[in-house]
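K.L.:
Here's a structure for you.
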Amino acid sequence: MSDIEQRPQLADIQNEEDIAQLVHTFYAKVKDDTLLGPVFEKAIAGNWGPHLDIMCNFWSTMLLYSGRYKGDTMSKHMSLPIDPRHFSQWLTLFLGTVDTLFQGEVADNAKARAGNIARIMQSMMGFSLNNNQPDPGLLRHNS
Ligand code: HEM
């Protein structure tokens, strides 16, 4: 028997159900996180339902091109009390969630998009960064 433990084959993100699983799993971790949880509790006053719906629409638009998200992602973050530590933790939890649940091209895209958007957000907030190619996901989705 081989000593190399094979990673179980996971499916890729394919439909709205998968998006909901990704979003709900990720925000359950965020909610319990000592750094990120309080930021959300203050901003959305414990009202997670609407935020989760918005986030499902956002990732559905990013990854499945459904056009369900209509909003301005950047402006929502500019006044939050967040710095690079928050982004780093947000990304660690997000990438870990994707890797635990899915595998494939769309899953890779989710991770890449999240990283790009986090970088641009930090840049717009005045934090320094290395790679600042705009991500198309940052454009307003209101057409
Ligand atoms: C430091 C990391 C982050 C924190 C603490 C954070 C926190 C928040 C909070 C508290 C809200 C709710 C704002 C409100 O309704 O008043 C929000 C909204 C949102 N966040 Fe983040 N966020 C972070 C990073 C990101 C990243 C990297 C993305 C994209 C990949 C993202 C995408 C969104 C979107 C799409 C919304 C909804 C905006 C809308 O209402 O249209 N966030 N975030």
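Residue numbering for the sequence shown follows the working numbering, starting at 827 and increasing by one per position.
Don't be surprised by glycine CBs; every beta carbon is placed ideally from N, CA and C.
Everything numeric in this text was worked out from a predicted model, so none of it was measured.
Would you identify the three-state DSSP class for residue 837, choosing helix, strand or coil?
P.N.:
Note: residue 837 maps to coil in three-state DSSP.
K.L.:
Identify whether residue 898 lies in helix, strand or coil by the three-state DSSP scheme.
P.N.:
If DSSP states are grouped into helix, strand and coil, residue 898 belongs with coil.
K.L.:
Rounded C-beta distance between residue 849 and residue 919? I'm assuming under 8 Å.
P.N.:
Wrong, their Cβ atoms sit about 12 Å apart, outside the cutoff.
K.L.:
Can you check whether the CB of residue 915 is closer than 8 Å to the CB of residue 859?
P.N.:
In contact: residue 859 and residue 915 (Cβ atoms closer than 8 Å).
K.L.:
Relative to the C-alpha of residue 941, which residue among 924, 928, 897, 929 is closest?
P.N.:
Among 924, 928, 897, 929, the Cα nearest to that of residue 941 belongs to 924.
K.L.:
What's the call for residue 883, buried or exposed, on a 16-neighbour Cβ count within 10 Å?
P.N.:
Buried.
K.L.:
Using the three-state DSSP reduction, which class does residue 934 fall into: helix, strand or coil?
P.N.:
Helix at residue 934.
K.L.:
Starting from the C-beta of residue 846, find all residues in its chain whose C-beta is less than 7 Å away, skip the five residues before and the five after it, and write them out in chain order.
P.N.:
Within the same chain, residue 846 has close Cβ partners 882.
K.L.:
Of the choices 894, 903, 932, whose alpha-carbon is the least far from that of residue 879?
P.N.:
That would be 894, whose Cα lies nearest to the Cα of residue 879.
K.L.:
Going along the chain, which residues put their C-beta within less than 5 Å of some heavy atom in the ligand HEM?
P.N.:
That query returns the following residues: 865, 866, 869, 880, 884, 897, 899, 902, 908, 912, 913, 916, 940, 943, 944.
K.L.:
Can you name, in chain order, every residue of its own chain whose Cβ lies under 8 Å from the Cβ of residue 944, other than the five neighbours on each side?
P.N.:
So the qualifying residues of the chain are 913, 916, 917.
K.L.:
Around the Cβ of residue 904, are there at least 16 other Cβ atoms within 10 angstroms (buried) or fewer (exposed)?
P.N.:
Answer is exposed; the Cβ neighbour count stays below 16.
K.L.:
Helix, strand or coil for residue 869, going by three-state DSSP, please let me know.
P.N.:
Three-state DSSP puts residue 869 in a helix.
K.L.:
Nearest-angstrom Cα distance between residue 888 and residue 954?
P.N.:
Whole-angstrom Cα-Cα distance: 25 Å.
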